[in-house]
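Undergrad: In my numbering, the protein residues as written are 92 to 396. By construction, the Cβ of each residue, glycine as well, lies at the ideal position given by its N, Cα and C atoms. Quick caveat, the model's predicted, so the values are computed rather than measured. Got a structure here, written out as structure tokens. Questions coming.
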């Protein structure tokens, strides 16, 4: 059984009755689900991933006001649920979000994930948040949220970046793909610096994977799940095998790099982000930058994003 399924089954069997019995006046105000750090929140857990931080349990998200009223009693009630479920231990929790399960203030959860208590309010905040952090904030499942406050923030984040921020990041990824892959990779190989060439290929691949997520208006997860998650995307997700072959190394991979860049250019054109036909990605980065409406965002350094 996957971690998300385990969490939902544990909630349905023990959590829901506990809330109904002990907190009937708040049953419709407590959001329940599983999201945040951990492969199980992405649905990627397996037998190997169960060697650490894998447990039975779920999250209970409440407002600050409700936390003042029932936070500690709810924390104690959650702690008294069975210590083991389907052979999986439930780890001990600390009060209000000191770990990955249990009672959490809604604003504290999002602050821990992305550094903001809710939806970022400025482009500066959006650009400062790591992509993997946003991916963690919107993964998993919400089992119940009658009040809707937790889901309101979550749904706003799921919509993706504001368009100017997305374009700025796309431009920065295009510039890095050009620099690391189309320019420096082959130069390093000609010098016989094969380790440097491998690093250039890795930088190119990371930028290209992020580019694919941005073209889908999705957030790139933590590095070990990048390729797997990319393969599930509707736009350019089929580039996953090419990325894996590139990262695996081997003979001169310049042709594969150019094939990936060609696919990206065609998608940039399809989305109306560039009108050029250049093979080199840097002019496309400049073209995308010119479509940014906000002057402050448009005038940032090309590689910033």
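Using the rule of at least 16 other Cβ atoms within 10 Å of the residue's Cβ for burial, across every protein chain shown, is residue 167 buried or exposed?
TA: Residue 167 is exposed by the Cβ-count criterion.
Undergrad: Leaving out five residues before and five after residue 109 in sequence, what residues of the same chain have Cβ atoms less than 7 Å from its Cβ?
TA: Closer than 7 Å at Cβ, skipping near neighbours: 168 and 172.
Undergrad: Determine the direct distance from the alpha carbon of residue 198 to that of residue 96, and round the result to whole angstroms.
TA: Each residue's alpha carbon lies about 26 Å from the other.
Undergrad: For residue 358, name the three-state secondary structure that DSSP assigns.
TA: Reduced to three states, the DSSP call for residue 358 is helix.
Undergrad: Enumerated in chain order, which unbroken segments of the beta strand (DSSP E) with a length of 3 residues or greater are wholly contained in the segment 248-329?
TA: With a minimum length of 3 residues, no continuous beta strand (DSSP E) run stays inside the segment 248-329.
Undergrad: Are residue 263 and residue 394 close, meaning C-beta to C-beta below 7 Å?
TA: Going by C-beta atoms, residue 263 is nearer than 7 Å to residue 394.
Undergrad: For a test of the three-state rule: what should DSSP assign to residue 220, helix, strand or coil?
TA: Note: residue 220 maps to coil in three-state DSSP.
Undergrad: In the DSSP assignment, the alpha helix (DSSP H) including residue 132 goes from what residue to what residue?
TA: Element bounds for residue 132: 130-133.
Undergrad: Thinking C-beta only, is residue 310 closer than 7 Å to residue 244?
TA: Contact flag unset, no.
Undergrad: Assuming residue 126 and residue 238 are in contact, meaning their beta carbons sit under 8 Å apart, how far apart are those beta carbons, in whole angstroms?
TA: So it is not a contact: roughly 16 Å between Cβ atoms.
Undergrad: Identify which residue in 232, 101, 236 and 100 has its Cα closest to the Cα of residue 120.
TA: Here the closest residue by C-alpha is 236.
Undergrad: Starting from residue 196 and walking both ways along the beta strand (DSSP E), at which residues does that stretch end?
TA: From DSSP, the beta strand (DSSP E) with residue 196 extends over 193-196.
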